[in-house]
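Have a look at the structure below before the remarks.
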Amino acid sequence: MPPAERGGWWHAYVCPVHGVELEHEGLLSGAFPDAGARCRHGCRVDEPAVRGAWTVLAHQACARQIRALARSPHAADRHTAIDLLTGYARQYAALGAAPHEGAAEWMLRGRLFHQALTEAIWAVTIGQAARALREAGHPLPAEVTEFLRALVAAAGQARDALIRAGRFDSNYTAWLIAAGAVCSGRPEWLTGPQGLYAHVPVAVRPDGWEWEGSTYYHGFVLRAYLLALHAVRHVEVPGEVRDRLTAMAGVLESLTTLGGLLPALHDGPYDRPSAAYELTELRELLPLLGALPTTTEPVTLHRDAGYAVLRGAGLHAVVDFGPHGGSHGHLDKLALYLYGADTPWQPDPGQVPYAHRGWRRHYASTAAHPTFSVDGSDQAECAGYLIGHDNRSVAVGCDTAYPGVTARRELALRDGALVDELTVETDRPRLVVAHLRPDVDLTVWPSAGGALETDWAGRQKLLGAHAASVPADVLCRPGPGPANDPQRVRTWVDWTVPDATAVTFRSVYRMGT
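Now the structure itself:
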């Protein structure tokens, strides 16, 4: 049963104390849980913003249920889907054309939801249900047909508002296009001057990355594109657009470990069941593109987004040297992320739902990432650059993270190991720290000559040998784990030189037993 209320902002569905997303309970009941939304750490939260966020999730769950009924082989289920769509049509019509009055000023507003983006995602599912019913031979009631027209009109109005604001390249636009295409089946949502074929070249870099450089939003946009193409399958896709979409799929393939882990680079959830569902749907849609590229080389370079992926000796490493990434960028230039086949030894920590401002600031910060910091402050929003690479190594640099500071990171697959050298040079004596940020149990112990050894647990074990070019202090301290649960405590290592003008931190990583 769909909720009777309008949806709010789903990012508010977060525990204000513990920073975790609240549990998805009772979404098909039509009523917010009596005791409040449950936090995995024992809280119950009941406040207007959380109720509005739960309502978003409930509307989305109900739309998926209607789609499942519409695709059912049983006629009774399909008739139930028609009844539910008719009820939604009446509810939507009763709202009138005015946008949601409860939305924040910065939002591109929807009608049933605070955000037009949320409404578009929900509308895609509604449109898929209607299409399935038509394909099964069920005529749609006039109210439902008018409902679909209203969803298409709302998507067009929101897209036009983005264009007027100079934000045609937004990930919102991709979903507004998908909503228009799925709910109408009209080719102009692909071929028109503000259609999908126009959006792809401005929103996707030549190397195949969505311009923000976030794994989550990359897949989010690609899924919207493929849903739109699937809805208007009879329209030919231009070769250059197909090539760019194929490159987008190749990005995900190159990032994914042999065990199926997909690094959560920059903004986006670290480990969220809904994101896993979205990724599964995306992979089911990929055959629309035909044969996809596979990656076999030890080093894959994404020049425009600024990532290098190194694979060898059982390790999967990603180094970030690219543009900041706009509102979804993090302050993590020259960060090194380390994975086994299915073990996140040192992952990008991801991001919490945006309504928790405190944890959001933390997970965007330099301190949260396995990179370097100077004088205990955050890096600036900046871009690094490629110094050079070959088929076994890559060198990258950054001169703008801190005034008067240059840094470079050189990575090489050598002798069954990954060799990492991080060099920082400063204009005067300054506090320079290299960060280790595990998401596994980490054991650290001293070795001869001020060196360190580390043992990283997990389904695959990683061993590290570490030495600095000048005397360095080591501070092991408790820190929050990745963003799916900020209360999970991990061992952070701050490898510190108090008065550095030049220092190289050298680490050698190899698989252990």
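For the record, in the sequence shown the residue sitting at position 144 is 124 according to the working numbering, with numbers rising by one throughout. C-beta atoms are modelled at their ideal positions from N, C-alpha and C, and glycine is treated no differently. Just so you know, these numbers come straight off a predicted model, no measurement behind them.
query: What residue ranges within the region 416 to 450 form continuous alpha helix (DSSP H) runs of no fewer than 4 residues, ordered along the chain?; result: none
query: Report the option in Ala159, His246 and Val30 whose CA atom is closest to the CA atom of Pro462.; result: His246
query: Roughly how many angstroms lie between the CA atoms of Trp475 and Met87, to the nearest whole one?; result: 42 Å
query: For Val404 and Val450, what's the separation of their Cα atoms in angstroms?; result: 12 Å
query: Note down the Cα distance separating His336 from His39, rounded to an integer number of angstroms.; result: 22 Å
query: Considering only residues of the same chain and omitting the five flanking positions on each side of Gly(-1), which have a CB-CB separation below 6 Å?; result: Val332, His336, Trp339 and Pro466
query: For Trp169, count neighbouring Cβ atoms within 10 angstroms of its own Cβ and tell me buried if that reaches 16, exposed if not.; result: buried
query: Beta carbon of Leu318, beta carbon of Val299: below 8 Å?; result: no
query: Closer than 8 Å is the cut-off here; do at least three beta carbon pairs connect the region 477 to 486 with the region 409 to 429?; result: yes
query: Is Leu272 buried or exposed, if buried means 16 or more other CB atoms sit within 10 Å of its CB?; result: exposed
query: Just checking my contact of Ala(-8) with Ala33 at CB under 8 Å: how many whole Å lie between their CB atoms?; result: 4 Å
query: Quick check: the Cα distance between Glu81 and Glu99, rounded to an integer number of angstroms?; result: 15 Å
query: What distance in whole Å lies between the Cβ atoms of Ala135 and Ala159, which are believed to be in contact at a cut-off of 8 Å?; result: 4 Å
query: Any chance you could list the beta strand (DSSP E) runs of at least 3 consecutive residues sitting entirely within the region 161 to 235, in chain order?; result: none
query: What are the boundary residues of the beta strand (DSSP E) that includes Phe352?; result: Phe352 to Val354
query: For the alpha helix (DSSP H) that Tyr339 lies in, which residues bound it at each end?; result: Checking the displayed sequence, the identity of residue 339 turns out to be Trp instead of Tyr. Trp339 -> alpha helix (DSSP H) spans Arg337 to Ala344.
query: By Cβ distance, which residues of its chain are closer than 8 Å to Asp140, with the 5 residues on each side in sequence left out?; result: Gln174
query: Starting from the Cα of Glu264, find the closest Cα among Leu207, Pro253 and Arg213 and give me that residue.; result: Leu207
query: Please classify Val546 as buried or exposed, where buried requires at least 16 other C-beta atoms within 10 Å of its C-beta.; result: The displayed coordinates of the chain run from -19 to 493. Any statement about residue 546 would go beyond what the structure contains.
query: Just confirm the distance between the C-beta atoms of His310 and Ala344, as a whole number of angstroms; I'd bet it's less than 8 Å.; result: 5 Å
query: Taking all protein chains shown into account, decide if Trp425 is buried (16 or more other Cβ within 10 angstroms of its Cβ) or exposed.; result: exposed
query: For a quick check, are the C-beta atoms of Leu443 and Arg490 less than 8 Å apart?; result: yes
query: Find the nearest neighbour of Gly90 within the set Leu131, Gly368 and Asp379, judged by alpha-carbon distance.; result: Leu131
query: Can you tell which of Cys42, Ala74 and Ala78 has its C-alpha closest to the C-alpha of Leu498?; result: There is no way to answer for residue 498, as the model of the chain reaches only from -19 to 493.
query: According to the Cβ coordinates, are Val221 and Trp189 closer than 8 Å?; result: no
query: Within the continuous alpha helix (DSSP H) that includes His39, where are the two ends?; result: Pro28 to Ala50
query: With a 10 Å radius around its C-beta and 16 neighbouring C-beta atoms as the bar for buried, classify Val180 as buried or exposed.; result: buried
query: Give the DSSP-derived three-state secondary structure of Glu277 in the structure shown.; result: coil
query: Per DSSP, Val25 forms a beta bridge with which residues?; result: Ala17
query: May I ask you to list the residues that DSSP assigns as paired with Gln95?; result: Arg89
query: Which two residues bound the contiguous beta strand (DSSP E) that contains Ala288?; result: Tyr287 to Gly292
query: How many Å lie between Val289 and Ser234 at the Cα?; result: 7 Å
query: Which residues does DSSP list as the beta-bridge partners of Ser357?; result: Val354
query: Taking a contact to mean a Cβ-Cβ separation below 8 Å, would you say Asp400 touches Leu391 in this structure?; result: yes
query: In this structure, does DSSP put Val132 in helix, strand or coil?; result: helix
query: Bridge partners of Glu405, per DSSP?; result: Thr386 and Ala482
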